[in-house]
Amino acid sequence: MKESALQIAHRGYQPKMPRALHGEVCLKEGGKTESVADQDAIRELFPDTYGMPVVELHNGQHIGQKPARNVGVILSGGQAPGGHNVISGLFDGLKRMNPDSRLYGFLGGPSGLTDGKYIELTADIIDQYRNTGGFDIIGSGRTKLEEKQQFDKGIEVCNRLGITAIVIIGGDDSNTNACVLAEYYLQKQCGIQVIGCPKTIDGDLKNTMIETSFGFDTACKVYSELIGNIQRDANSAKKYWHFIRLMGRSASHIALECALQTQPNICIISEEVEAKQMTLGDIVEDIARVVAARAAKGLNFGTVLVPEGLIEFIPAMRALIQELNDLLADGKEFDVNRLSKSAKQLYESLPQAIAKQLTMDRDPHGNVQVSLIETEKLLIEMVGKRLAEMKSTGEYTGKFATQHHFFGYEGRCAVPSNFDADYCYSLGQTAAELIQAGKTGYMATVRNLTLPAEKWTAGGVPITMMMNMERRNGKMKPVIQKALVDLKGKPYQYLVAHREEWALSTDTYIFPGPIQYYGPSEVCDQPSRTLQLEHE
Ligand code: FBP
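Numbering follows our numbering, with no gaps: position 180 of the sequence shown is 180.
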């Protein structure tokens with residue numbers, strides 16, 4: 001395979017790690033923990049993994065070689081930059097403890113475990129993938145592990161390979177699965193531990209113990225580069241309004257982070273839309289007012305960032321989607337007459353393409369596939385109509401030529417930023433330590449991420465601690481609580497404090513340029529603006 005110059009040079013990049021992970025490690029345990037909500041229900045569903053303590057890794061005394069372990073690793077869900085480094089960190093951690101340890105990669109996501117499809121990850125393979133983007137080392141998938149049959153099949157496969165621990169690298173849903181699996185394997189006393197790692201570009205797997213999910217940093221830097229380039233173009237040609245939808249599922253973390261990095265004219269935050277109970281009409285009105293105000297200054301161009309999950313946060317749309325979810329979950333063919341009167345009315349008022357997109361198949365976890373809903377086009381159409389009305393009353397005199405963009409896949413497999421390369425490698429090493437310590441039902445954590453890497457701390461958090469009960473596929477299920485944008489948090493407050501200025505100005509755009517891997521630390525190692533503001 002022909003490799004790029006960066007790929008060749010970057011293979012030799014040595015990720016930075018917390019001091020605790022250099023040399024021997026010992027574990028310190030905290031007190032008993034509780035789930036974030038619905039404690040009784042979660043305790044009942046996870047009797048053996050509920051309430052375990054948070055653990056921290058510290059430098060320990062040399063106690064000689066540790067027993068060799070066979071471990072399996074799974075990449076689950078959407079790609080996120082840095083996945084290969086979690087695997088290389090895990091590999092190096094296991095080999096450091098005992099060179100006879102073996103790492104198996106289950107192919108194509110969780111189904112690799114249940115179908116018994118795997119490869120042994122040897123040093124030769126690992127070395128080709130160090131510091132690269134993508135999940136192609138073993139592939140990923142979205143199969144949900146939820147049936148006893150699947151769990152038992154997993155035991156069979158692991159027993160065949162002598163595997164006594166599985167690491168699941170995934171988002172909130174995949175780590176929920178990891179916890180269910182850990183609980184089942186503990187109850188069965190089959191001697192297989194399960195450890196999770198926080199992955200997702202969406203940035204919504206975070207809480208008091210997880211500062212950020214890996215991949216968010218790189219993906220946002222890639223999108224911000226592209227948005228910056230578009231803003232330069234808009235500023236040069238002065239003729240287009242660019243509507244840019246950004247991946248991120250429900251949460252608007254990606255849109256917010258990109259806004260902080262690029263300072264666009266408008267950035268919609270879904271969580272604000274919900275808090276203010278805004279209608280689609282209100283959102284359109286807000287955008288049209290900015291377009292008109294800029295036009296009055298002779299500025300018939302600009303940028304609008306739209307989070308991909310927006311539609312789910314408009315209260316009336318959310319109610320419609322909930323009804324659609326329940327209807328689609330029963331497996332029968334979709335019939336608009338089974339919707340309630342108000343939902344049917346709203347459904348029929350939507351442009352046909354959008355209505356159709358809302359009824360497309362849910363993902364295996366019961367989520368609407370918001371990446372397939374073209375909200376940016378819907379907004380362009382509606383804002384165009386509103387501006388035409390405003391023109392007829394003399395409130396608007398400009399030109400509204402538009403371009404639409406959707407950024408998501410462009411960033412999910414980018415070469416990890418130094419931050420993600422270091423963070424992921426450290427997560428992998430931490431997972432190896434948790435396995436050696438006999439832990440199960442834990443997520444690996446690395447914290448204090450705005451400090452230099454050697455000052456980061458590493459440890460494990462019981463997954464049950466992050467759980468609550470939510471309605472999925474028409475039923476209440478235990479799931480890791482998703483982190484939405486905190487409207488009291490500093491990143492959002494920064495946007496609020498500056499957005500009026502950004503709306504009307506021509507010289508507030510920021511052009512971040514491409515991710516830098518070599519050069520001064522202030523150019524190459526900066527964490528996301530979100531993390532920086534949250535830690536200020
Ligand atoms: P995860 O939640 O699995 O990390 O996926 C992230 C994501 O990129 C979302 O932002 C997006 O909505 C979705 O995946 C797209 O899914 P697919 O890869 O199946 O098209």
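In this text, a Cβ means the ideal position worked out from N, Cα and C, and glycines have one as well.
For Q369, the shortest C-beta to heavy atom distance toward ligand 1 is below 8 Å. Inter-segment contact for the segment 427-447 and the segment 62-71 is present: three or more beta-carbon pairs are separated by less than 8 Å.
In the DSSP assignment, F151 falls within the alpha helix (DSSP H) that extends over K148 to L161.
In the DSSP annotation of this structure, the continuous segment of the beta strand (DSSP E) that includes M443 starts and ends at Y442 to R447. Taking 9 Å as the cut-off, the beta carbon of K66 is found no closer than this to the beta carbon of P53. Burial state of R318 is exposed, judged by a 10 Å Cβ sphere holding fewer than 16 other Cβ atoms.
Around the beta-carbon of H84, 16 or more other beta-carbon atoms lie within 10 Å, marking it buried.
By a beta-carbon distance limit of 8 Å, L107 contacts G139. Their separation comes to about 6 Å. The C-beta distance from P110 to L57 rounds to 27 Å, too long to meet the 8 Å contact threshold. Short of 6 Å from the beta carbon of A329, and not among the five residues preceding or following it, lie these beta carbons of its own chain, in chain order: N473 and G474. Under the DSSP assignment, M360 falls outside any beta strand (DSSP E); it carries neither an H nor an E label. For the alpha helix (DSSP H) assignment, the uninterrupted runs of no fewer than 4 residues enclosed by the segment 204-281 are, from N- to C-terminal side, 216-237, 253-262 and 270-275.
Judged by beta-carbon spacing, I244 lies within the 9 Å limit of H404, meaning their Cβ atoms are closer than that value. Taking E348 as the centre and dropping the five residues before and after it, the same chain places the C-beta of V336 and A355 closer than 8 Å to its C-beta, in chain order.
Spanning the alpha carbons of I126 and A414 requires a straight line of approximately 18 Å.
Residue pairing for M476: DSSP places it in a beta bridge opposite R471. For I201, the CB falls within less than 8 Å of some heavy atom of ligand 1.
Separation of the CB atoms of L358 and L310 is rounded to 13 Å, and the pair is thereby denied contact status at 8 Å. A residue is called buried when at least 16 other Cβ atoms come within 10 angstroms of its Cβ; P315 does not meet this threshold and is exposed. Taken from the Cβ of A453, every heavy atom of ligand 1 lies 8 Å or farther away.
With a cutoff of 8 Å, G83 does not count as near ligand 1, since its C-beta is closer than that to no heavy atom of the ligand. Distance from the C-beta of D420 to the nearest heavy atom of ligand 1 is not below 8 Å.
Taking C-alpha positions only, G281 is separated from G141 by approximately 38 Å.
Rounded to whole angstroms, S392 and V284 show a C-alpha spacing of 17 Å. According to the DSSP secondary-structure assignment, N59 is paired through a beta bridge with V25. L27 and E454 have their C-alpha atoms roughly 18 Å apart. Under the DSSP definition of a beta bridge, A458 partners with V446.
Short of 6 Å from the beta carbon of T49, and not among the five residues preceding or following it, lie these beta carbons of its own chain, in chain order: A182, E183, G441 and T464.
With contact defined as three or more Cβ pairs closer than 8 Å, the segment 506-516 and the segment 223-238 are in contact.
Taking the Cα positions, L531 is about 42 Å away from G331. Residue pairing by DSSP puts S76 in a beta bridge opposite G141. Excluding sequence positions up to five before and after Q187, its CB lies within less than 7 Å of the CB of D48, all in the same chain and listed in chain order.
Scanning the segment 284-352 for uninterrupted alpha helix (DSSP H) segments of 4 residues or longer gives 310-313, 315-329 and 341-349, listed from N- to C-terminal end. Beta-bridge partners assigned by DSSP to P198: G170. Note on M97: 16 or more other CB atoms within 10 angstroms of its CB, so buried under the neighbour-count rule. In the displayed model, I119 falls within a strand according to three-state DSSP.
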